Structures are given as C-alpha cells and as structure tokens.
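Trainee: Supplied in structure tokens, the structure appears directly below.
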C-alpha cells in the first residue's frame, strides 16, 4: 500500500488517497460485515432445520398416537416446540381433547391459544372455544364472564358471533 500511496499524488485522486490512508479500517469493516452476514445465514438455516425437525416430530405423534396418548405426547413436545408452531400444536391438542370429551383439557388449551396468538380472529375463536368447554364443565359463570370480556376486546366483525355464543349460553 505504501508503494501505491507514493505513486498517487494527493491532488490527483482524493477518494483514492482516502482509501489508501484507511485501508486497514475499511478491510476490518468489510470482514466484520461478512462475518455477521454468515452468522445470520447460519442462524436462519439452523432455525429452519429445527422447525422442520419439530414439524416431523409432531407429525409422527399425530400418526402414531390417539386419544389421551396423543395429548400426552404432544404435551411432552411443547417445551421445545418453536414459537411459530405452538398455536398449531395447541389446536391439535384441543381437537383431540374435544373428540374424547376432555373438556377441562380443551378449555386449558383454548386458553393457551387465546393468550399466545397474535391473530385477532384466532383469539376470538379461542375465547369462544374456551367458553364452550367451560360451559360443558358446568362452569357457566366463568364462560359468561369470558364471553363478556371477549365482546369488549374482539374485532368488530367478530362481536356478533361472540354475542350469539353468549345468548346461546344464556339459553342453556
């Protein structure tokens, strides 16, 4: 670099002179940028691989287990399941719990969906589902309170559905 610096006059190319004067700093910034980019790529690849592994694990449970055994196996996977798969696993547990009339378990996982999801439509569905399961467990007061709260927080498009569920619950 010193030989190049001697060959280029400062007046001829100020930009080139700046590059030559700061070559070490520029090289360091470029190397750090490359290292950060590689780290991000490796992290994303590893996360995607992990998500695929848990999708396969959940699918294996769904194929090989039924009823309470499926619920128990899925619950064992929950601590390690990536966040983006949780709602799907919760919904599968709810589905099986409703199928075998395990109302308390279904209500528990509808509640987990309600607290976890960021999707306002799914949140309303989860609130309605939890209320129905609570009512099936003869916890009508809790179900009514849940639906009344949901009426206040649900999207305007979903409020009529929540109110209908509240009316149906009041009739029973």
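In the numbering used here, the protein residues as written are 15 to 186.
Here a beta-carbon is modelled for each residue, glycine too, at the ideal position from N, C-alpha and C.
Only a predicted model underlies this, so the values are computations on that prediction, with no experimental measurement involved.
(1) Any chance the segment 103 to 121 sits against the segment 140 to 155, with 3 or more Cβ pairs inside 8 Å?
(2) Please specify which runs of the alpha helix (DSSP H), each continuous and at least 4 residues long, are wholly inside the segment 53 to 136, giving them in chain order.
(3) Between the alpha carbons of residue 94 and residue 88, how many angstroms are there, rounded?
(4) So, helix, strand or coil for residue 167, using DSSP?
(5) Assuming residue 84 contacts residue 110 under a Cβ cut-off of 8 Å, what Cβ separation, rounded to an integer in Å, is found between them?
(6) Please report the residue range of the alpha helix (DSSP H) in which residue 179 lies.
(7) Just the Cα atoms here: how many angstroms apart are residue 101 and residue 131?
(8) Could you work out which residue in 50, 96, 174 is closest to residue 68 when comparing CA atoms only?
(9) Can you tell me the Cα-Cα spacing of residue 61 and residue 46, whole angstroms?
(10) Measure the alpha-carbon distance for residue 3 versus residue 170 and round it to whole angstroms.
(11) Go ahead and label residue 75 buried or exposed: buried means 16 or more other beta carbons lie within 10 angstroms of its beta carbon, across all protein chains shown.
(12) Rounded C-beta distance between residue 161 and residue 145? I'm assuming under 8 Å.
Mentor: Considering the structure as presented:
(1) The segment 103 to 121 vs the segment 140 to 155: in contact.
(2) When DSSP assignments are scanned along the segment 53 to 136, the uninterrupted stretches of alpha helix (DSSP H) that are 4 or more residues long and fall wholly within it turn out to be 81 to 91, 97 to 113, 117 to 130.
(3) Between residue 94 and residue 88, the C-alpha separation is close to 11 Å.
(4) Of the three classes helix, strand and coil, the one that applies to residue 167 here is helix, per DSSP.
(5) For a cut-off of 8 Å, the C-beta gap from residue 84 to residue 110 is around 5 Å, short enough to register as a contact.
(6) Looking at the DSSP string, the run of the alpha helix (DSSP H) that includes residue 179 is 173 to 185.
(7) Within the model, the alpha-carbon separation for residue 101 versus residue 131 is close to 7 Å.
(8) With distances taken between Cα atoms, residue 68 lies closest to 96.
(9) If I take the Cα positions, the gap works out to 22 Å.
(10) The first residue shown for the chain is 15 and the last is 186, placing residue 3 beyond what the model contains.
(11) It counts as buried.
(12) Right, their Cβ atoms sit about 5 Å apart.
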